[in-house]
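According to mature numbering (1 follows the signal peptide of the UniProt record, and there is no 0), the residues represented by the sequence shown are -27 to -1, 1 to 242, in order.
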Amino acid sequence: MFRRTCKLLIPLLVTLLLPAVTSAATATAPDTAAALQQAVNGHWRSPANQARDQYRHPVETLQFFGIKPDMTVIELSPGGGWYTEILAPFLYAHGHLIEAAPATAAKFTAMLKADPTVYGHIANVIPFAPPYQVNLGADNSADMVLTFRNTHDWLNHSPATLDAVFQAAFHVLKPGGVFGITEHRAKPFADAVDSAKTLHRLPEDYLIALALKTGFRVAGVSEINANPTDPEDINVHRLPPDLAGPDSEHAKMKAIGESDRMTLRFVKP
């Protein structure tokens, strides 16, 4: 009961403290929504990736962040490119997509080269390996910076590393630019360093406090990617799709589904 109450209170407190905050999804023009859905429905997406849409809600998430097809968007640490395969075609004609990825991301680079009709207009792939490489480009040059389930990894390196990423996002964004984050959610007010290390989760209040300290405004807190059946005390890799625990628990983990996730929208004043 305490956990659920806190999850309701955090967005409420933010709303009371910052009048500009809204927990509703950012309004998106119908043509933008249709273009996002077209990218999500793309033939280049694997059945395995499409099966995860029910947990990751890509159209609703990107709408909440307020993405538009003519934006300059930077995606941080794209991993296997799950979101890249949606962002790249969406921004292909009118926008610019910049991928901030480690030089060792050979699988990701191979994916981009394999299908130039989808990925051929990616503006740049810049080296990004916090804390050693965090420069995202010229100050005030991007409309949006996005990161999906990465913040716990940077905190696992050190609090200073996560702080450096937030600072880099703040500097590269134009005034009014958006820093959009989804992350595996820990129980409210949990020890962030411990939960990141043991569960690969972060408490929502920790990321909000860090964003405010960096200089961002909180512009939206959404439950788009929430999963109320997740008790938030399980290592996320034991849940789908990894199911890294023993075979005997797989049925139970599948019944829970993928992790409970926060979805946060910060804006540079």
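Note that CB positions come from ideal geometry on N, CA and C, so glycine has one too.
Predicted model only: the values in this text are computed from it and were never measured.
Same chain, Cβ closer than 8 Å to residue i, five either side skipped, listed in chain order
i, result
"Ser50", "Ala73, Ala74, Pro75, Phe101, Thr120, Asn123 and Asp126"
"Val46", "Ile40, Leu60, Leu64, Gly68, His69, Leu70, Ile71, Ala115, Asp116, Met117, Val118 and Leu119"
"His130", "Pro103 and Pro104"
"Val145", "Ile47, Leu109, Gly110, Ala111, Asp112, Asn113, Ser114, Ala115 and Val118"
Delimiting residues of the beta strand (DSSP E) encompassing residue i
i, result
"Glu72", "His69 to Ala74"
"Val138", "No beta strand (DSSP E) contains Val138, which is instead part of the alpha helix (DSSP H) from Pro132 to Val145."
"Pro100", "Asn97 to Pro100"
Sequence-distant residues of the same chain with beta carbon closer than 6 Å to residue i, five excluded per side
i, result
"His223", "Leu216"
"Thr202", "Ile229"
"Ser232", "His157, Asp203, Val209 and Leu212"
One or two residues paired with residue i in a DSSP bridge
i, result
"Thr174", "Checking the sequence, you will find Arg at residue 174 rather than Thr. In DSSP, Arg174 forms no bridge with anything."
"Gly15", "Answer is none; Gly15 lacks a bridge partner."
"Met235", "Glu156"
"Ser195", "Thr236"
"residue 245", "Since the first residue shown for the chain is -27 and the last is 242, residue 245 is missing from the structure and cannot be characterised."
"Gln106", "Ala102"
"Val46", "Leu70 and Met117"
"Val166", "The partner list for Val166 (beta bridge, DSSP) is empty, contrary to what the question assumes."
"Val151", "Met117 and Val240"
Residue i, buried or exposed, once every other Cβ within 10 Å from all chains shown has been counted against 16
i, result
"Gln23", "exposed"
"Tyr105", "exposed"
"Gly93", "exposed"
"Ala83", "exposed"
"Pro31", "buried"
"Gly188", "exposed"
"Lys186", "exposed"
"Val191", "buried"
Unbroken alpha helix (DSSP H) run spanning residue i, endpoints
i, result
"Thr120", "Taken as a continuous stretch (DSSP letters only), Thr120 belongs to no alpha helix (DSSP H), being part of the beta strand (DSSP E) at Ala115 to Phe121."
"Leu64", "Thr57 to Leu64"
"His223", "His223 to Ile229"
"Arg29", "Asp26 to Arg29"
"Thr90", "Pro89 to Tyr92"
Residues near residue i in its chain [Cβ-Cβ closer than 7 Å; skip 5 each side]
i, result
"Ala159", "Ser168, Leu172, Arg174, Leu175, Pro176 and Glu205"
"Gly53", "Lys80 and Phe81"
"Thr34", "Thr155, Ile197, Asn198 and Thr236"
"Trp17", "Glu58, Asp88 and Val91"
"Ala8", "Pro42 and Phe63"
**Report entry** Contact the region 190 to 200 vs the region 134 to 142: 3+ CB pairs below 8 Å
**Finding:** no
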